[in-house]
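Each residue of the sequence shown is one higher than the one before, starting from 0 at the first, in numbering that gives the first Met the number 0.
All residues carry an ideal CB built from backbone N, CA and C; glycine is no exception.
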Amino acid sequence: MRGVHDKIQIENPKGGNKAFIDIGLNNLFAVVFNHTDVAMLIKGSTVKAEYYWWKREIGTYQAIRDWLRNHGFESWKKYHAFYLHAVFKRRERLRHYYRTAIRFLAKTLWQIGIDEVFIGYPYLVSQDNGNEFNTNIWWYTKVINWLGEVLQEYGIKLHVVNEYGTSKQCSICNAEHENGRVKRELYICPVTGIKINADINAARNIAKKVGYKTPTPKKILTYIVTTNGIKPITPKEGVTPETPKIKPRPTERGGGHTMGNAQIPTRIEGFST
Ligand SMILES: [Zn+2]
0 MRGVHDKIQI ENPKGGNKAF IDIGLNNLFA VVFNHTDVAM LIKGSTVKAE
50 YYWWKREIGT YQAIRDWLRN HGFESWKKYH AFYLHAVFKR RERLRHYYRT
100 AIRFLAKTLW QIGIDEVFIG YPYLVSQDNG NEFNTNIWWY TKVINWLGEV
150 LQEYGIKLHV VNEYGTSKQC SICNAEHENG RVKRELYICP VTGIKINADI
200 NAARNIAKKV GYKTPTPKKI LTYIVTTNGI KPITPKEGVT PETPKIKPRP
250 TERGGGHTMG NAQIPTRIEG FST
């Protein structure tokens, strides 16, 4: 195995800085550093929108398939094929987005002299839908493994940190506020009144958990992952960037027929990181 690893590594770290990452769905990656007050956000709104688009397609095919089968129509097989295709397509699309984001992130970390990365393994509370919960866990594990592989090419080490408790903790005053509010992606410290991006807050807490201090972020470099790569976005002060519309090409929807509405929800109730 040693030989395999030696072959994979093509770069050496440029410095000894550390990065701390919170992984999620609104922000695929929220990153803070021990050596700078600049933080990074890679937004996942495109991924989330596409995830729900396919979820809906999958649900529609499934429902039609089951109805046809229960009523003795042979054509259920056709819809089963559509269903399988949609499941496959969703996985392929998400994989593409994540891999794009991971490539960009790994290269950026290398460029700014990181040699060790600490990523939070999400502690998720099982929500109403057990299936969704398992899908998310499955993705997080995959994403962490992919990131580890790509970082290895740069000679950067990845450590996985259990994230339990890091979302409630306040990275501003260090207390664990039971009433620390999260509003429009902002964590609001009830003691100091200071607002901080909730995922940046979690990333800082991951750092704290492994014994590192991170400066309070003064600047957040924000990016979004699109089908054509990573694009920087500069949101206006205090405004959450708009979710771009996604229209998967008709050929990707199996057979060129029209099923369901290609409407993309921008905000899903009860869905949070
Ligand atoms: Zn506080």
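Sequence-ordered residues whose beta carbon comes within less than 6 Å of a heavy atom of ligand 1: 169, 171, 172, 174, 176, 188, 190, 191
Integer Cβ distance of residue 103 from residue 19, believed to fall under 8 Å: Actually they do not touch by this definition, with Cβ atoms about 18 Å apart.
Taking residue 160 and residue 208 to be in contact with their CB atoms under 8 Å, please state how far apart those CB atoms are, rounded to whole angstroms. 6 Å
Along the chain, where does the alpha helix (DSSP H) containing residue 100 start, and where does it finish? 75-110
Residues in the same chain with beta-carbon distance under 6 Å from residue 198, minus the five sequence neighbours each way, listed in chain order, please. 21, 23, 26, 29
With H, G and I counted as helix, E and B as strand and the rest as coil, what does DSSP make of residue 134? helix
If we count Cβ pairs, one from each stretch, closer than 8 Å, do we get three or more for the stretch 182-192 versus the stretch 5-17? no
My assumption, with CB atoms under 8 Å, is that residue 165 sits in contact with residue 119. Please give the rounded CB distance. 6 Å
Would DSSP call residue 155 helix, strand or coil? coil
Short Cβ contact (8 Å threshold) for residue 219 with residue 232: no
Measure the alpha-carbon distance for residue 273 versus residue 130 and round it to whole angstroms. Look at the range of the chain in this structure, 0 to 272, and you will see that residue 273 is not part of it.
Which of the three DSSP states, helix, strand or coil, is assigned to residue 206? helix
Under 8 Å Cβ to Cβ from residue 163, same chain only, skipping five residues before and after it: list those, please. 122
Using the Cβ count rule (16 or more neighbours within 10 Å means buried), how would you classify residue 36? exposed
So the candidates are 108, 137, 75; which of them puts its Cα closest to the Cα of residue 33? 108
Decide if residue 148 is buried, meaning its Cβ has at least 16 other Cβ atoms within 10 Å, or exposed. exposed
Quick one: what's got a C-beta closer than 8 Å to residue 138's C-beta in the same chain, skipping five residues either side? 93, 97
Helix, strand or coil at residue 273 according to DSSP, with G and I counted as helix: Past the edges of the chain, shown from 0 to 272, lies residue 273, and the structure says nothing about it.
Apart from the five residues on each side of it in sequence, which residues of its chain come closer than 6 Å, Cβ to Cβ, to residue 170? 200, 203, 204
What separation, rounded to the nearest whole angstrom, lies between the Cα atoms of residue 216 and residue 184? 15 Å
Rounded to a whole number of angstroms, what is the C-alpha to C-alpha distance between residue 243 and residue 49? For residue 243, the predicted model reports a pLDDT of 48, less than 50, meaning its position is unreliable; a value from the coordinates is still stated below. Roughly 11 Å between the two C-alpha positions.
May I have the straight-line CA-CA distance separating residue 167 from residue 140, to the nearest angstrom? 22 Å
Residue 144 burial status per 10 Å Cβ neighbour count (16 or more: buried): exposed
Outcome for residue 135 when other beta-carbon atoms lying within 10 angstroms are tallied against a minimum of 16: buried
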